[in-house]
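Heads up: the structure comes next, in structure tokens.
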Amino acid sequence: MAQQKSITFFFRKK
Amino acid sequence: ARLLHGSIFAKVIEGLRELVNEATWECSGNGITLQAMDSSHVALVSLVMRSEGFESYRCDRNMSLGISLVSMSKVLKTMGKDDSLTIRVNDDSDSIIIAMESQNQDKFADYELRLMDLDSEHLGIPDTDYSCAIKMPSSEFSRICRDMSIMGDSVLICTTKEGVKFSAKGDLGQGSIRLVQTTNIEKEEEAVIIEMKEAVALTFAVRYLSMFCKAAPLSPQVGLSLSEDTPLMCEFKIAEMGHVRFYLAPKIED
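First to last, the sequence lines map onto chains A and B.
Using the working numbering, you'd call the opening residue of the first sequence number 1 and step up by one each time.
Using the working numbering, you'd call the opening residue of the second sequence number 1001 and step up by one each time.
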């Protein structure tokens, strides 16, 4: 099963 | 900020409010921007409305305005189809004023919405050189999302030189829709255009894609940009003034 990733996993926090 | 066609602003709000119920609007001399994540932190929206796109625009000092998009949507629903719209925030005020004017200037409506104190988390969106950029009619994309949601919660988007394929499977079985690139472009609005450097195959939650489609009335075409292991970017242009970009994290095999 493919797991839903979080957007924060890809985009760094400012 | 004044718009002759207030309906543009109403479409922006309608496009965002399901994904993000409330958001902080950043206002500066350059215009209005917004960045917000959905409550599950799976998707992100980035809005740009440049000052020159407004009939008139003035911002004497930078301001962050916490606004309930759900409330704003309710107020904007009272607006007539051809009304013009002015949005104003006075210095040191805790509310935003939304003023509507009928085209023949025989009706003027004013609403004040209280501003909110929001804790907003800002993310840095990296510049990405996507493997694939697809343009297609917004109405087609909305329809594909609706149709794929019949079959499953996830949609697999695969691109090849020939076209793009959306497929979904679930308890009922499976389904797919394949669009081929338009060879003879007569009407740009109706064309399917695929620019591909590398083939991609990515899985996304249909529910979010369907929410992005709420912004489809903003533009006849939607842009989808894809790269392996990277969030999808779904873009609707706002006439001459800017864009709404939605980002959606993919589903990845662990």
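Ideal placement from N, C-alpha and C gives every residue a C-beta, glycine not left out.
- For the segment 1219-1233 of chain B, residues whose beta-carbon sits nearer than 9 Å to a beta-carbon of chain A comprise 1229, 1230, 1231.
- Counting only runs of 4 or more residues that sit fully inside the segment 1037-1092 of chain B, the alpha helix (DSSP H) segments are 1069-1076, in chain order.
- C-alpha of residue 1143/B to C-alpha of residue 1014/B: approximately 18 Å in a straight line.
- Contact between the segment 1130-1137 of chain B and the segment 1189-1208 of chain B is present: three or more C-beta pairs spanning the two stretches fall below 8 Å.
- When DSSP states are grouped into helix, strand and coil, residue 1130/B belongs to the coil group.
- Legend: CB atoms of the segment 1176-1209 of chain B lying less than 7 Å from CB atoms of chain A belong to residues 1203, 1205.
- Put simply, the backbone Cα of residue 1063/B is about 21 Å away from that of residue 1073/B.
- From the beta-carbon of residue 1124/B, the residues of chain A found nearer than 9 Å are 11, 12, 13, 14.
- With its beta carbon at least 8 Å from every one in chain A, residue 1157/B lies outside the interface.
- By the CB criterion at 8 Å, residue 1174/B and residue 1148/B fall outside the cutoff.
- Remark: C-beta atoms of residue 1220/B and residue 1137/B approach each other more closely than 8 Å.
- In this structure, residue 1055/B and residue 1088/B do not form a Cβ contact; the two beta carbons are roughly 13 Å apart against a cut-off of 8 Å.
- C-alpha of residue 1128/B to C-alpha of residue 1110/B: approximately 42 Å in a straight line.
- Residues of the segment 1043-1070 of chain B with a C-beta atom less than 7 Å from some C-beta of chain A are 1043, 1044, listed in chain order.
- Apart from sequence neighbours up to five positions away, the residues of its chain that approach residue 1215/B with a beta-carbon distance below 6 Å are 1015, 1236, 1244, ordered along the chain.
- Residues of the segment 1028-1042 of chain B with a C-beta less than 9 Å from any C-beta of chain A: 1037, 1038, 1040, 1041, 1042, listed in chain order.
- Residue 1141/B sits in a helix when the DSSP states are folded into three classes.
- Taking a contact as a CB-CB distance under 8 Å, the pair residue 1182/B and residue 2/A does not count as one, their CB atoms being some 31 Å apart.
- Taken in chain order, the complete beta strand (DSSP E) segments of 3 residues or longer contained in the segment 1149-1215 of chain B are 1154-1159, 1163-1169, 1174-1180, 1193-1196, 1201-1205.
- Within chain A, no residue has its beta carbon less than 8 Å from that of residue 1169/B; the closest one is some 12 Å off.
- When Cβ-Cβ separations below 8 Å define contact, residue 1129/B makes no contact with chain A.
- In the displayed model, residue 1017/B falls within coil according to three-state DSSP, outside both helix and strand.
- Take residue 1094/B, set aside five residues on each side of it, and the residues of its chain with a beta-carbon closer than 8 Å to its own are 1114, 1115, in chain order.
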